[in-house]
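Here my numbering is used: position 203 in the sequence shown is 752, and no number is missing along the way.
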Amino acid sequence: MASMTLFLTIALVQLLALMSPGPDFFFVSQMAISRSRRDAMAGVAGIALGVVVWATLALLGLQILLHRLAWLGRLLAVAGGLYLCWMGVQMLRGAFGPTRPAQAVELESNAMAALRRGLLTNLANPKAAVYFASIFSALVGSGASAGTRWGLLVLVSVETFVWFAVVAAIFSLPAVRRGYLRARRWIDGAAGAVFIAFGLTLVFDRRLT
């Protein structure tokens, strides 16, 4: 019973975290409305893989390492922030560059590239490591069995995939995509600005040192 309560608690905390818009949400929604559902789902898979990486590192004690090596946490934050800024700049260039027909965009679809971008978008945010380390240390404790810990890893990974799969399905609906095509420049421009804002926040956030 105690184990079930723990899993339900972690599931609720993870769901609330997922519902808070961040780089992952904006990446999936922008991919779904501007590309294809296939590419969006590949991006979702990449994000879920990133969660596997961060949650595994948290279970292995990454937070302790970051506390001892403050420069490492700072390096991860700056590198991740610069990557998000780069993605934002690419979105802005696409938004305000020459207008391309929808068919040209579809020809550029590449599921592997979408998976890679989803993975890098998630890994670009080292705050995820702090988040997972915090919830695991606060709710799991040192007495939890290895089976419980790895069960929680599967839980947060699957929950992440399912949540963003729903987001991708909603934003790839024909009505939503038609609205995107009517306001593509503004939507892509706004998404680019959001990514740059997230990136700059990471670069200048001293709390990760």
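Every residue gets a Cβ at the ideal spot worked out from N, C-alpha and C, and that includes glycine. If you're wondering where the values come from, they're calculated on a predicted model, not measured in any experiment.
CA-to-CA distance, residue j to residue i, given in whole angstroms
i	j	result
R623	W635	18 Å
S578	V679	25 Å
P723	S552	42 Å
R584	L633	19 Å
L631	L564	27 Å
F713	M568	10 Å
L641	L555	43 Å
V707	V593	11 Å
L656	P570	Here L656 scores only 39 on pLDDT, less than 50, and its place in the model should not be relied on; the value that follows carries that caveat. Rounded to whole angstroms, L656 to P570 spans 29 Å at the Cα level.
R727	G738	17 Å
F753	L625	12 Å
Given residue i as reference, the closest of the options once Cα atoms are compared
i	options	result
G599	A714, S694, L664, D754	L664
F744	L704, R587, A673, W603	A673
G741	A607, F575, V602	F575
A732	L561, I582, T558	I582
A662	G700, L609, V705, M590	M590
M580	V705, V725, L702	V725
L557	F710, G700, Y729	G700
Close beta carbons around residue i, own chain, < 6 Å, minus the five adjacent residues each side
i	result
G595	L664, G667, L668
A677	W603
Interface flag, residue i vs chain D, CB-CB below 8 Å
i	result
L749	Protein chain content of the structure displayed is limited to a single chain, and chain D is not contained in it.
8 Å Cβ shell around residue i - same chain, five flanking residues per side excluded
i	result
G629	L672, A673, N674, P675, G748, L751
R586	A717, A718, S721
Cβ neighbours of residue i in the same chain (closer than 7 Å, five flanking residues each side left out)
i	result
V562	I684
A660	R587, D588, A591
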